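Have a look at the structure below before the remarks.
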Amino acid sequence: MELTHLDDEGQALMVDVGGKDVTERAAVAEAQVKMKPETLELILAGNMKKGDVFASARIAGIMAAKRTPDLIPLCHPIPLTSAAVEVTPLPPDTVKITATVKCRYTTGVEMEALTAASVAALTIYDMCKAVDRGMEILHVRLLSKSGGRSGEYYRPETEQPASD
10 MELTHLDDEG QALMVDVGGK DVTERAAVAE AQVKMKPETL ELILAGNMKK GDVFASARIA
70 GIMAAKRTPD LIPLCHPIPL TSAAVEVTPL PPDTVKITAT VKCRYTTGVE MEALTAASVA
130 ALTIYDMCKA VDRGMEILHV RLLSKSGGRS GEYYRPETEQ PASD
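Following this line, the structure appears as structure tokens:
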């Protein structure tokens with residue numbers, strides 16, 4: 010398998026996407042934050058001193074999707090048509106983050122979705138670290154992608170299309 014971000018001498022390069030077709034593209038990624046049950050109870054009760062943890066995580070994730078090329082070297086700036094972050098409590102001790110990013114462009118938005126999920130998870134950690142420094146960020150992964158030359162991808166245990 011050939012790595013697309015390396016030239017013939019093994020030097021890093023930004024992939025030329027100028028010759029690719031503009032298509033509808035979407036990606037869905039997730040992350041989970043595992044915490045003490047008491048921490049999740051505080052979040053759900055609205056008793057975290059820094060404010061609304063889930064609202065902050067959603068906003069941070071959306072902002073991160075928009076800023077991905079500033080964070081990940083060699084990523085193209087992509088005109089996103091939408092970015093959404095869903096934060097779901099999974100009692101007794103887990104929060105699931107699902108990021109969905111869409112565009113109409115010549116390259117995909119997998120990195121934007123993964124960045125959104127990661128930053129949303131980091132925001133939850135930041136807002137709750139005063140009461141639970143042992144939290145873990147787990148399962149940062151691509152669930153699905155659609156559009157482009159490589160077609161569709163669905164993580165085997167995932168049945169929802171990226172376009173949903």
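Note that my numbering has the sequence shown beginning at 10, numbered continuously upward.
Yeah, the Cβ is synthetic: ideal placement off N, Cα and C, and Gly gets one too.
This one's a predicted model, so the numbers in the text were calculated from it and none came from an experiment.
Other residues of its chain near residue i: CB distance less than 8 angstroms, five sequence neighbours each side excluded
i, result
"TYR134", "VAL42, MET144 and ILE146"
"LEU151", "ALA36, VAL37, ALA38, GLU119, ALA122, LEU123, TYR162 and ARG164"
Among the options, nearest to residue i - alpha-carbon criterion
i, options, result
"THR132", "VAL37, VAL94 and ALA69", "ALA69"
"ARG158", "LEU22, VAL26, LEU15 and ALA21", "VAL26"
"LYS138", "VAL31, SER155 and THR48", "THR48"
"PRO101", "VAL37, LYS45 and ARG67", "LYS45"
"ASN56", "LEU152, MET72, VAL140 and TYR162", "VAL140"
"ILE81", "VAL118, VAL62 and ALA64", "VAL118"
"ILE87", "THR107, VAL31 and ALA64", "VAL31"
"GLU95", "GLU50, GLU166 and PHE63", "PHE63"
"ALA130", "ASP61, ARG67, GLU50 and ALA92", "ARG67"
"HIS85", "CYS112, SER65 and ARG142", "CYS112"
Residue i versus residue j - alpha carbon distance
i, j, result
"LEU53", "THR97", "11 angstroms"
"VAL128", "GLY19", "30 angstroms"
"HIS1", "ALA40", "For residue 1 there is no data in the structure shown, the boundaries of the chain being 10 and 173."
"ALA36", "THR90", "12 angstroms"
"THR103", "PRO78", "29 angstroms"
"SER153", "GLU50", "31 angstroms"
"ASP61", "ARG142", "18 angstroms"
Neighbourhood of residue i by C-beta, 6 angstroms cutoff - its chain only, sequence neighbours within 5 removed
i, result
"LYS59", "MET136"
"LYS29", "THR115"
"ALA108", "ALA38, GLY70, VAL94, ALA122, ALA125 and ALA126"
"GLU33", "ARG113 and GLY156"
Residues of its chain near residue i, where Cβ-Cβ distance is below 7 angstroms and the 5 sequence neighbours each way are ignored
i, result
"LEU99", "LYS105"
"ASP16", "LEU22"
"ALA73", "THR124, ALA125 and VAL128"
"SER65", "THR132 and MET136"
"LYS75", "LEU89 and ALA92"
Residues bridged to residue i [DSSP beta-bridge criterion]
i, result
"LYS59", "LYS59 is not bridged to any residue."
"ARG150", "GLU39"
"TYR114", "THR32"
"LEU15", "ALA21"
"ALA108", "ALA38 and VAL94"
"TYR162", "LYS154"
Requested in this report: Would you mind listing the alpha helix (DSSP H) stretches within the region 64-98 that are 4+ residues and don't spill past its ends, in chain order?
Outcome: Runs of the alpha helix (DSSP H) spanning 4 or more residues and lying entirely within the region 64-98 occur at 77-80, in chain order.
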